[in-house]
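A.B. asks: What follows is a structure written as structure tokens; I'll ask about it next.
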Amino acid sequence: MFEKILVANRGEIAVRVMRACREMGIRTVAVYSEADRGSLFARYADEAHLIGPAPASRSYLDIDAIIRTAIESGADAIHPGYGFLAENPRFAAACEAEGIRFIGPSAGVLELVGDKVAARRAMVEAGVPVVPGANESVADPDRAREIARAIGFPVMIKPAGGGGGIGMTIVEDEASLSNALKSARSIADTAFGIADVYIEKYLHNPRHIEIQILGDSEGNIIHLGERECSIQRRHQKLIEESPSTALTSELRAAMGSVAVDAARRVGYQGAGTVEFLFSEQKFYFLEVNARIQVEHPVTEMVTGIDIVKEQIGIDFGLPLSVRQHDIRISGSAIECRINAEDPFGGFVPAPGRIRGYHPPAGPGIRVDSGVCSSGSVSPYYDPMVAKLIVWGRDRDESIGRMQRALQEYIITGIRTNIPFHRAVMENRRFAAGELGTHFIEEETHLVEEMKKITERENSLTERLSKVVEDKKRVAAIAAAAAVAGMQGRE
Ligand code: ADP
Numbered sequence: 289m290f291e292k293i294l295v296a297n298r299g300e301i302a303v304r305v306m307r308a309c310r311e312m313g314i315r316t317v318a319v320y321s322e323a324d325r326g327s328l329f330a331r332y333a334d335e336a337h338l339i340g341p342a343p344a345s346r347s348y349l350d351i352d353a354i355i356r357t358a359i360e361s362g363a364d365a366i367h368p369g370y371g372f373l374a375e376n377p378r379f380a381a382a383c384e385a386e387g388i389r390f391i392g393p394s395a396g397v398l399e400l401v402g403d404k405v406a407a408r409r410a411m412v413e414a415g416v417p418v419v420p421g422a423n424e425s426v427a428d429p430d431r432a433r434e435i436a437r438a439i440g441f442p443v444m445i446k447p448a449g450g451g452g453g454i455g456m457t458i459v460e461d462e463a464s465l466s467n468a469l470k471s472a473r474s475i476a477d478t479a480f481g482i483a484d485v486y487i488e489k490y491l492h493n494p495r496h497i498e499i500q501i502l503g504d505s506e507g508n509i510i511h512l513g514e515r516e517c518s519i520q521r522r523h524q525k526l527i528e529e530s531p532s533t534a535l536t537s538e539l540r541a542a543m544g545s546v547a548v549d550a551a552r553r554v555g556y557q558g559a560g561t562v563e564f565l566f567s568e569q570k571f572y573f574l575e576v577n578a579r580i581q582v583e584h585p586v587t588e589m590v591t592g593i594d595i596v597k598e599q600i601g602i603d604f605g606l607p608l609s610v611r612q613h614d615i616r617i618s619g620s621a622i623e624c625r626i627n628a629e630d631p632f633g634g635f636v637p638a639p640g641r642i643r644g645y646h647p648p649a650g651p652g653i654r655v656d657s658g659v660c661s662s663g664s665v666s667p668y669y670d671p672m673v674a675k676l677i678v679w680g681r682d683r684d685e686s687i688g689r690m691q692r693a694l695q696e697y698i699i700t701g702i703r704t705n706i707p708f709h710r711a712v713m714e715n716r717r718f719a720a721g722e723l724g725t726h727f728i729e730e731e732t733h734l735v736e737e738m739k740k741i742t743e744r745e746n747s748l749t750e751r752l753s754k755v756v757e758d759k760k761r762v763a764a765i766a767a768a769a770a771v772a773g774m775q776g777r778e
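Residue numbers for the sequence shown follow this note's numbering, beginning at 289 and rising by one.
The following block contains the structure:
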């Protein structure tokens with residue numbers, strides 16, 4: 289097995305990867321920026337190296353600095369986590385050129401799936417149903433008009449090299465198409481360095497359902513069922529769950545086998561996700577994410593498989609530890625992304641120093657967090673503080689557990705979206721599993737509900753907050769006593 293893995297990432301996912309390494313007896317190397325000095329992941333690693341200043345372009349995206357650190361520390365592999373360099377074919381190629389294993393698909397596969405137009409084309413050739421649209425990037429307004437007329441308005445203009453829901457533009461009619469095309473290209477150019485965009489039919493309030501896949505170097509490819517990620521804000525996922533309330537076992541098997549075929553078609557090796565939109569009992573390919581995903585824990589909770597360990601094994605050349613017929617989906621798991629943002633102020637990011645921290649625990653609870661009581665949320669990076677994941681024997685038990693865990697979760701000093709998650713967990717439509725990507729926009733009273741929840745008197749949250757505050761007071765008294773003691777000795 290690998291002896292030492294460098295984790296080219298930060299925050300919760302760096303800790304998550306290092307946990308798998310520790311269980312496998314692999315030593316870990318963290319690389320951190322000046323903004324992350326003393327943070328949990330840097331302390332968790334067996335060794336930690338400063339690689340640059342806070343801006344990601346000069347630290348977590350600095351390929352040379354990361355590879356130099358890997359060589360100097362004697363790491364035999366690099367795990368890129370998600371985001372930053374995880375899907376960058378140049379980075380994968382640079383690792384291989386130095387004889388360091390890149391934990392993920394080959395540079396060639398990253399290149400193909402990173403270009404969403406090329407990926408669409410490959411899927412069409414493999415017979416996978418795709419969202420109606422054109423398999424080409426468009427710059428000419430006349431061509432855009434032809435495509436839009438053929439598929440019918442509304443359409444969506446999407447960046448070919450995009451991610452994170454950035455730069456996607458809905459176009460309702462022909463009159464606004466030309467301007468929308470121009471502005472979408474300019475946003476894509478600024479955000480991703482590639483102006484290419486393509487056009488798809490805009491589906492009304494579809495569900496987002498994705499299939500987790502694993503492929504090894506011997507050509508075994510399996511799927512671990514689906515995750516439903518329909519609860520989104522600004523096209524970004526907020527709550528994910530497995531299994532989806534929308535799928536029958538027949539549909540699950542059909543989507544799973546389409547995802548496996550698609551992966552086989554491109555020679556996929558590693559962990560990955562095939563994303564689909566689901567509307568009126570039909571599913572349409574959206575994109576392939578060639579990396580570990582934020583929401584992977586819900587799949588781990590219902591299958592019992594450690595996806596990060598599988599990733600590491602695959603890149604070491606081991607066969608998958610399981611076969612398709614071993615996979616059982618047991619119970620229900622839900623994940624809430626806990627973000628540092630102001631739920632009462634338009635959900636704008638609210639970084640800052642954490643004063644008190646008390647994560648939930650007890651049966652069926654998992655917290656994947658990048659912070660601890662003395663941590664802070666940096667304005668330089670994604671404001672996600674932690675992922676709260678619960679498991680229950682069925683969805684009702686999961687929801688009840690999530691409600692309890694959210695009440696127990698105390699984070700003081702910064703604002704978080706915990707009250708929002710609490711409102712969703714108490715929502716009738718959510719409980720009924722009637723989800724769609726427009727859920728948050730449609731459930732307009734969620735903000736009102738959130739206010740009521742936070743104003744409930746003498747709540748568990750309030751009482752636990754006092755415990756956290758008390759602990760701080762006790763620590764302050766102890767520190768003062770120690771100082772007094774020292775002074776007394778002089
Ligand atoms: P990104 O890679 O930027 O996250 P995706 O293609 O994965 O972009 O889409 C993100 C989300 O945007 C989807 O989950 C869905 O909510 C919405 N979306 C994308 N394409 C369409 C479409 N053709 N019609 C309706 N919604 C869409």
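Cβ atoms here follow ideal geometry from the backbone N, Cα and C, with glycine treated the same way.
(1) Alpha carbon to alpha carbon, how far is lysine 760 from serine 662? Give it in angstroms, no decimals.
(2) Relative to the C-alpha of aspartate 684, which residue among Ser347, Glu529, Asn577 is closest?
(3) For alanine 476 and glutamate 434, what's the separation of their Cα atoms in angstroms?
(4) Tell me where the alpha helix (DSSP H) around threonine 742 begins and ends.
(5) Using CA coordinates, which residue listed in Asp352, Val562, Lys446 is at the minimum distance from phenylalanine 480?
(6) Is any non-hydrogen atom of ligand 1 found closer than 7 Å to the C-beta of valine 419, if you look at the structure I gave you?
(7) Taking the alpha-carbon of proline 341 as reference, which of Asp334, Met306, Arg325, Ala330 has the nearest alpha-carbon?
(8) Taking only three categories from DSSP, how would you classify proline 585?
(9) Would you check if the distance between the CB atom of arginine 692 and the CB atom of serine 664 is smaller than 8 Å?
(10) Any idea which residues DSSP pairs glutamine 557 with across the strands?
(11) Just tell me which of Glu498, Ile653, Ile602, Ser425 has its CA closest to the CA of leucine 694.
(12) For the region 677–711, list the alpha helix (DSSP H) runs that are entirely contained and at least 4 residues long, ordered along the chain.
(13) When we look at the beta-carbon of leucine 720 and count the other beta-carbons within 10 Å, is it buried (16 or more) or exposed?
(14) Mind checking who valine 665 pairs with in its DSSP beta bridge?
(15) Please state the DSSP three-state secondary structure of valine 418.
(16) Leaving out five residues before and five after cysteine 383 in sequence, what residues of the same chain have Cβ atoms less than 6 Å from its Cβ?
(17) At what residues does the alpha helix (DSSP H) containing cysteine 309 begin and finish?
(18) Is aspartate 352 helix, strand or coil by DSSP?
(19) From what residue to what residue does the beta strand (DSSP E) around alanine 578 run?
(20) Rounded C-beta distance between arginine 408 and valine 418? I'm assuming under 8 Å.
(21) Is threonine 725 near ligand 1, in the sense that its beta carbon is under 7 Å from a heavy atom of that ligand?
(22) Please classify alanine 767: does DSSP put it in a helix, a strand, or coil?
(23) So if DSSP puts arginine 489 in a beta bridge, which residue, or which two residues, is it bridged to?
(24) Any heavy atom of ligand 1 closer than 7 Å to the Cβ of leucine 539?
(25) Taking buried to mean at least 16 other C-beta atoms within 10 Å of its own C-beta, is glutamate 300 buried or exposed?
(26) Under three-state DSSP, which class holds glutamate 629?
(27) If you run the structure through DSSP and keep just helix, strand and coil, what is alanine 463?
(28) With DSSP run on the structure shown, which of helix, strand or coil describes phenylalanine 329?
(29) Nearest-angstrom Cα distance between threonine 533 and alanine 764?
(30) Under DSSP, the beta strand (DSSP E) around valine 655 begins and ends at which residues?
(31) Where do the ends of the alpha helix (DSSP H) carrying leucine 400 lie?
(32) Exposed or buried, threonine 725, counting other C-beta atoms within 10 Å across all chains shown (16 or more means buried)?
(33) Using 10 angstroms around the beta-carbon of isoleucine 501, count the other beta-carbons present and answer buried if the total reaches 16, otherwise exposed.
(34) For chain C, check one thing: does any of its Cβ atoms lie closer than 8 Å to the Cβ of leucine 469?
(35) Determine the DSSP secondary structure at phenylalanine 571, reduced to helix, strand or coil.
(36) Under the rule that 16 or more other beta-carbon atoms within 10 Å means buried, what is serine 327, buried or exposed?
C.D. replies: The relevant details are as follows:
(1) 11 Å
(2) Glu529
(3) 22 Å
(4) 734–743
(5) Lys446
(6) yes
(7) Arg325
(8) helix
(9) no
(10) Glutamine 557 is not bridged to any residue.
(11) Ile653
(12) 683–696
(13) Note on residue identity: the sequence assigns alanine, not leucine, to residue 720. The residue is exposed, with fewer than 16 neighbouring Cβ atoms inside 10 Å.
(14) Gly640
(15) strand
(16) Ile366, Phe390
(17) 299–311
(18) helix
(19) That residue, alanine 578, is in no beta strand (DSSP E); it is neither H nor E in DSSP.
(20) 5 Å
(21) yes
(22) helix
(23) Correcting the residue type first, residue 489 is lysine in the shown sequence and not arginine. BP columns for lysine 489 point to Val443.
(24) no
(25) buried
(26) strand
(27) helix
(28) helix
(29) 49 Å
(30) 653–657
(31) 395–402
(32) buried
(33) buried
(34) No chain C is part of this structure, which consists of one protein chain only.
(35) strand
(36) buried
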